[in-house]
Every structure is written in C-alpha cells, then in structure tokens.
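Using the numbering used here, the first residue of the sequence shown is number 3, and each one after it goes up by one.
Working notes for the structure below.
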Amino acid sequence: MSERSIYDFTMNDIDGNAVTFEKFRNKVLLIVNVASKCGFTPQYKGLQELYQEFKDDGFLILAFPANNFLRQEPGTDSEIKQFCSLKYDVSFPMFSKVSVKGDDISPFYAFLTAKETNPGFSGTIKWNFTKFLVDRVGNIVDRFSSMTKPDSKKVRKKIGQLLDNVE
Numbered sequence: 003m004s005e006r007s008i009y010d011f012t013m014n015d016i017d018g019n020a021v022t023f024e025k026f027r028n029k030v031l032l033i034v035n036v037a038s039k040c041g042f043t044p045q046y047k048g049l050q051e052l053y054q055e056f057k058d059d060g061f062l063i064l065a066f067p068a069n070n071f072l073r074q075e076p077g078t079d080s081e082i083k084q085f086c087s088l089k090y091d092v093s094f095p096m097f098s099k100v101s102v103k104g105d106d107i108s109p110f111y112a113f114l115t116a117k118e119t120n121p122g123f124s125g126t127i128k129w130n131f132t133k134f135l136v137d138r139v140g141n142i143v144d145r146f147s148s149m150t151k152p153d154s155k156k157v158r159k160k161i162g163q164l165l166d167n168v169e
C-alpha cells in the first residue's frame with residue numbers, strides 16, 4: 003500500500019469525476035459506507051442534518067455506496083444519486099460505488115481498515131453505515147458502528163471538539 007495519508011487518494015465522485023482528497027485537507031471528515039435498501043438507510047436524514055449544521059465550520063461527509071451486505075445497494079451510481087437526492091435531499095459529497103471489504107476492497111477502504119495505517123480503529127467493515135471520523139490533519143480519530151446514529155449527541159460532540167481545534 004503506497005498511500006500513507008488519506009490525502010494521497012483520488013476517487014471518482016458519483017458523477018464519475020476524479021476527486022483528489024488533498025482538497026479535504028484542513029476539513030473534519032465523516033466517511034460513511036452507505037446503502038439504499040438497508041434498515042439503516044434512514045440515517046441519510048441524520049447525515050444531511052449533521053452536514054447542514056457543521057458544513058460552514060469546515061466539516062464534510064464523504065459517502066461511499068457499497069453493495070457488500072446482502073446486496074442492499076444494487077443501483078447504478080446515477081440511480082443512487084437520484085434516490086439520495088429525491089428521498090433525503092442529500093447535498094454532501096457522494097462517491098462512486100465501491101467495495102468496502104473482501105478480495106475486491108477498494109484501496110481507500112483497505113487503507114481505512116488496515117491495522118498498519120489505522121491502528122486504533124482498524125478492522126473489517128461489518129455493515130452499512132459504518133462511520134470514520136477524521137480530524138483536520140488526516141488522522142482517523144474515531145469509528146462508529148451502524149448502530150450509532152450520525153446525529154447522536156456522541157457524534158455531534160466529537161465533531162464539535164474537532165472543529166473547535168483549529169490548527
């Protein structure tokens with residue numbers, strides 16, 4: 003794995019445009035693997051509320067559709083974008099569908115889950131809507147399971163603390 007930092011990655015957004023993660027430097031990030039046909043899909047609403055609340059303070063959500071769990075994200079990128087836009091009015095950055103585990107895991111998710119690059123919060127993604135919190139300098143500082151709602155007090159507090167720590 004040649005990538006040493008989250009900022010070394012370039013991935014396609016949901017419209018197929020290459021996005022260099024260097025542009026996310028100095029932002030607090032919540033990285034989430036998402037799916038449209040999952041019991042946790044209503045978390046899109048909480049994600050959008052969280053984004054609206056903190057986006058002007060240097061916070062971004064990066065959503066990665068994945069079809070790894072019971073085929074709960076079968077759609078094309080354009081179908082996923084339409085679903086998220088119409089049903090949840092999603093305005094945070096969404097990326098092209100990826101694999102978040104297994105033999106075909108995307109290099110970005112391999113980086114996020116590897117013990118070598120993320121010793122504190124490594125390990126296989128267990129389900130949709132697993133969330134990684136990244137500080138302004140690219141350190142992964144927390145990981146939340148699918149069970150943790152994105153707009154929970156716990157998540158809001160951690161984001162607020164990171165946003166207050168301006169370098």
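Glycine included, every Cβ here is placed at the ideal spot set by N, Cα and C.
Note that this is a predicted model, so its numbers are computed, not measured.
Alpha helix (DSSP H) runs wholly inside the region 19–63, at least 4 long, in chain order: Taking only runs of at least 4 residues, the alpha helix (DSSP H) segments lying wholly in the region 19–63 are 45–56.
Could you give the DSSP three-state label for L198: helix, strand or coil? Lying before the first or after the last residue shown, residue 198 is absent from the chain, which here runs from 3 to 169.
By the 10 Å Cβ neighbour count, where 16 or more other Cβ atoms means buried, how is A20 classified, buried or exposed? Result: exposed.
Among W129, V157, D137 and R158, which one has its Cα closest to the Cα of S38? It is W129 whose Cα lies nearest to the Cα of S38.
Can you name, in chain order, every residue of its own chain whose Cβ lies under 6 Å from the Cβ of P67, other than the five neighbours on each side? So the list reads V36, E75, I82 and K99, once near-sequence residues are dropped.
Kindly indicate the opening and closing residues of the beta strand (DSSP E) around L12. Before going further, note that residue 12 is Thr rather than Leu in the sequence given. Run containing T12: T12 to N14, per the beta strand (DSSP E) assignment.
So, is S80 buried or exposed, given that buried needs 16 or more other C-beta atoms within 10 angstroms? By the Cβ neighbour-count rule, S80 is exposed, with fewer than 16 other Cβ atoms within 10 Å of its own.
Going residue by residue through the region 104–146, where are the continuous alpha helix (DSSP H) segments of at least 4 residues, counting only ones entirely within it? Here the runs fully enclosed are 109–115.
Nearest to R158 by CA position, among E55, D10 and A65, is which residue? The option with the nearest alpha carbon to R158 is E55.
For P67, list the residues DSSP reports as bridge partners. P67 pairs with V36.
Just to confirm my understanding: we take R145, look at its own chain, exclude 5 residues before and 5 after, and list those with CB closer than 6 Å. What are they? In the same chain as R145, and ignoring 5 residues on each side of it, the C-beta atoms closer than 6 Å to its own belong to F123 and F134, in chain order.
Measure the Cβ-Cβ separation of D153 and L52 and say whether it is below 8 Å. Closer than 8 Å, so yes.
So, for K160: in the same chain, excluding its five sequence neighbours on each side, which residues have a beta-carbon less than 7 Å away from its beta-carbon? Hits under 7 Å: L135 and D144.
Could you tell me whether the Cβ atoms of Q45 and F131 are closer together than 8 Å? The answer is yes: Cβ separation under 8 Å.
Local conformation of D153 per DSSP, three classes: Looking at D153 - three-state DSSP - the assignment turns out to be coil, as it is neither helix nor strand.
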